[in-house]
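Q: Start counting the sequence shown at -18; every next residue gets the next number (the numbering used here).
Cβ atoms here follow ideal geometry from the backbone N, Cα and C, with glycine treated the same way.
On a predicted model such as this, the values are computed, not experimentally measured, just so you know.
Starting off with a structure, shown below.
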Amino acid sequence: MARKQDGFRGFGPEAAEFLAGIEANNNREWFEEYERAYEEHVKGGMIRLLEAVAARMVEFAPEYIPEPKKAVFRIYRDVRFSKDKRPYKTNVAASFNRLGMGKEGAGFYVHLDQKELVIAAGIYMPETEVLKKLRLHVAKTHEELRGILEAARLKKLLGGLQGEPLTRTPKGFLPGDPAEDLLRHKMYIVWKELPPELAYTPKVVDEVAKRIEAATPLVEYLNRPLREAARRAQFLL
């Protein structure tokens, strides 16, 4: 049920116009003309959405409540090592992790462009050492992870683990390991693609918040070994 105190009624039509425009006119001159619309209706819309979602998260994920202005990604693309030299992203997106963990741990992601509204949770393309910690954790506790992934609400709202797994058992583990199918994953993430039109209605707050709530046990599970490793490292200093 929507809550009056949320306040956010969805992105305005100006946001849709900007996202369509930046797709067709990805250049500095066009952006500078419409930068105010971006700040107010696109970036501003995402900030207001996160504020409304944060009000819900107090009840089920208080350790993950975002700082909306810091959570939103910059629109400028890093083109230094890319063949695609378009200067601007054609979406507005935000990510937020557990408080005190920085960007290394698992967290949540929200993304809007012309084609889709995406809500994701987990850890995307982790660094090698982080992935090693996660796999050791999964090997020891795979039954717990299976239970989380099989939860009816998570499956309905976000589906199963995404991403193409390895074709072989990763180094350090034996073929036939009870957790082998889970160990082959190179990232541990779930996501849902929704029609972009949803973002322009008051329902978007509910749709984002309920998926974050459903995925919170998965994100907490993934962060557990990383938090323990950080505590051990701090103790040894």
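1. Quick one: what's Phe41 bridged to in DSSP?
2. In chain order, what residues of the same chain lie with their CB nearer than 7 angstroms to the CB of Leu126, ignoring the 5 residues before and after it?
3. Please identify the residue among Glu161, Phe77, Leu98 and Lys66 whose C-alpha is closest to the C-alpha of Leu139.
4. Tell me the DSSP secondary structure of Asn7 in three-state form.
5. Less than 6 angstroms between C-beta atoms, sequence neighbours within five positions excluded: which residues of the same chain meet that for Gly(-7)?
6. Could you tell me which residues DSSP puts in a beta bridge with Tyr69?
7. DSSP three-state label for Glu174, please.
8. Thinking Phe(-11) and Leu30 are a contact (beta carbons under 8 angstroms), I'd like their distance in whole angstroms, please.
9. What's the call for Tyr57, buried or exposed, on a 16-neighbour Cβ count within 10 Å?
10. Tell me which residues share the same chain as Pro206 and place their Cβ nearer than 6 angstroms to its Cβ, disregarding the 5 neighbours each side in the sequence.
11. First and last residue of the beta strand (DSSP E) that includes Leu93?
12. Using 10 angstroms around the beta-carbon of Asn6, count the other beta-carbons present and answer buried if the total reaches 16, otherwise exposed.
13. Just the C-alpha distance for Glu145 and Lys167, rounded to the nearest angstrom, thanks.
14. Would you grab the beta carbon distance between Ile193 and Val34 for me? Rounded to a whole angstrom, and I think it's under 8 angstroms.
15. With H, G and I counted as helix, E and B as strand and the rest as coil, what does DSSP make of Ile46?
16. Grouping DSSP H, G and I as helix and E and B as strand, with all else coil, what is Ala160?
17. Helix, strand or coil: how does DSSP classify Phe77 here?
18. Is it true that the CB of Val111 sits closer than 8 angstroms to the CB of Gln143?
19. Buried or exposed, going by whether 16 or more other CB atoms sit within 10 Å of the CB of Thr197?
20. Can you tell me which of the three DSSP states Gly103 falls into?
21. Rounded to whole angstroms, what is the Cα-Cα separation between Gly128 and Ala101?
22. For Val186 and Pro156, I'd like the C-alpha separation in whole angstroms.
23. Thinking just about the alpha-carbon of each residue, which of Phe62, Arg79, Phe12 and Lys70 is nearest to the one in Pro43?
A: Let's see:
1. Against the sequence shown, residue 41 aligns to sequence position 60. In DSSP, Phe41 forms no bridge with anything.
2. Here residue 126 corresponds to residue number 145 of the sequence shown, with the count starting at 1. Here the set comprises Val119, Leu163 and Tyr202.
3. As a working note, residue 139 is residue 158 in the sequence shown. Among Glu161, Phe77, Leu98 and Lys66, the Cα nearest to that of Leu139 is on Leu98.
4. Taking the sequence shown and counting its residues from 1, one reaches residue 7 at position 26. Assignment of Asn7 by DSSP, reduced to helix, strand and coil, places it in the coil class.
5. Working through the sequence shown from its first residue, we reach residue -7 at position 12. The answer, listed in chain order, is His22.
6. Position 88 of the sequence shown, counted from the first residue, corresponds to residue 69. Under DSSP, Tyr69 forms a beta bridge with Tyr57.
7. Numbered from its first residue, the sequence shown carries residue 174 at position 193. Here Glu174 sits in strand by DSSP.
8. Numbered from 1 along the sequence shown, position 8 holds the residue referred to as residue -11. Numbered from 1 along the sequence shown, position 49 holds the residue referred to as residue 30. With a Cβ gap of about 6 angstroms, Phe(-11) and Leu30 count as contacting.
9. As a working note, residue 57 is residue 76 in the sequence shown. With fewer than 16 other CB atoms across the displayed protein chains lying within 10 angstroms of its CB, Tyr57 is exposed.
10. Sequence index remark: in the sequence shown, residue 206 carries index 225 (1-based). Excluding the 5 residues flanking it on each side, Pro206 has same chain C-beta neighbours closer than 6 angstroms at Lys114 and His118, in chain order.
11. The residue labelled residue 93 in the question sits at position 112 within the sequence shown. For Leu93, the enclosing beta strand (DSSP E) has its first and last residue at Gly88 to Leu93.
12. Position 25 of the sequence shown holds residue 6. Burial call: exposed.
13. For the purposes of this step, residue 145 is identified with residue 164 of the sequence shown, where counting begins at 1. For the purposes of this step, residue 167 is identified with residue 186 of the sequence shown, where counting begins at 1. Glu145 and Lys167 have their C-alpha atoms spaced approximately 8 angstroms apart.
14. Position 212 of the sequence shown holds residue 193. Position 53 of the sequence shown holds residue 34. With 8 angstroms as the limit, Ile193 and Val34 qualify as a contact, their Cβ atoms being about 7 angstroms apart.
15. Counted from its first residue, the sequence shown places residue 46 at position 65. If DSSP states are grouped into helix, strand and coil, Ile46 belongs with coil.
16. Here residue 160 corresponds to residue number 179 of the sequence shown, with the count starting at 1. Looking at Ala160 - three-state DSSP - the assignment turns out to be coil, as it is neither helix nor strand.
17. Here residue 77 is taken as the residue at index 96 of the sequence shown, counted from 1. Here Phe77 sits in strand by DSSP.
18. Here residue 143 refers to the residue found at position 162 when the sequence shown is read from its first residue. Here residue 111 refers to the residue found at position 130 when the sequence shown is read from its first residue. Not in contact: Gln143 and Val111 (Cβ atoms no closer than 8 angstroms).
19. As a working note, residue 197 is residue 216 in the sequence shown. Label assigned to Thr197: buried.
20. As a working note, residue 103 is residue 122 in the sequence shown. DSSP places Gly103 in strand when its eight states are reduced to three.
21. The count along the sequence shown starts at 1 and reaches residue 128 at position 147. The count along the sequence shown starts at 1 and reaches residue 101 at position 120. Separation of Gly128 and Ala101 (C-alpha to C-alpha, rounded to the nearest whole angstrom) is 19 angstroms.
22. What you label residue 186 is simply residue 205 of the sequence shown in a count that begins at 1. What you label residue 156 is simply residue 175 of the sequence shown in a count that begins at 1. Val186 and Pro156: Cα-Cα distance of roughly 44 angstroms.
23. Residue 43 sits at position 62 when you count from the first residue of the sequence shown. Selected option, being the one with the closest Cα: Arg79.
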